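In what follows, a structure is listed as structure tokens, so that the remarks can point back to it.
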Amino acid sequence: MSSGPVVPMVFEGRKVVENGRTMLGATKPEASCPGSIRGDYCQDVGRNVVHGSDSAESANREINLWFTPQELCQYKQAVDPWIHE
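Taken in order, the sequence shown gives residues 15 to 99; the numbers are from the numbering used here.
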């Protein structure tokens, strides 16, 4: 995860791991669908352009590698009740 510049990010929401992994594409670029990040921008699994956690547990561990608790914030969007029941 650190062979070049890294821009760590944290996303939250319903099914965020599942949906995030769909947007990233299959781990092996040749198996990734066009329109996914890996499908459009990767050619070799050894030089992967993105990483996404495979579970909430992995995400929590990986978040702690890059961020301190003070760097993370909790918030609710005003639109949330209109989107989620």
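Ideal Cβ positions, reconstructed from N, Cα and C, are used throughout, including at glycine. Note that this is a predicted model, so its numbers are computed, not measured.
Whether Gly60 touches Ser50 by CB criterion (7 Å) = Position 46 of the sequence shown holds residue 60. Position 36 of the sequence shown holds residue 50. Against a cut-off of 7 Å, the Cβ pair of Ser50 and Gly60 comes out as no contact.
Where does Asp55 fall in DSSP's three states?
-> As a first step, residue 55 must be located in the sequence shown, where it is residue number 41. Strictly speaking, residue 55 in this sequence is Tyr, with Asp absent from that position. Tyr55 falls in the helix class under three-state DSSP.
Would you mind working out which of Ser17, Gly18, Pro19 and Val24 sits nearest Cys87, comparing C-alpha positions?
-> For the purposes of this step, residue 87 is taken as the residue at position 73 of the sequence shown. Out of Ser17, Gly18, Pro19 and Val24, Val24 has the C-alpha closest to the C-alpha of Cys87.
Could you tell me the boundaries of the alpha helix (DSSP H) in which Leu38 lies?
-> Here the question's residue 38 lines up with position 24 in the sequence shown. Unbroken alpha helix (DSSP H) run through Leu38: Val30 to Leu38.
Could you have a look at Gly49 and say whether DSSP puts it in helix, strand or coil?
-> Here residue 49 refers to the residue found at position 35 when the sequence shown is read from its first residue. In the structure shown, Gly49 sits in coil (DSSP, three-state: anything other than H, G, I, E or B).
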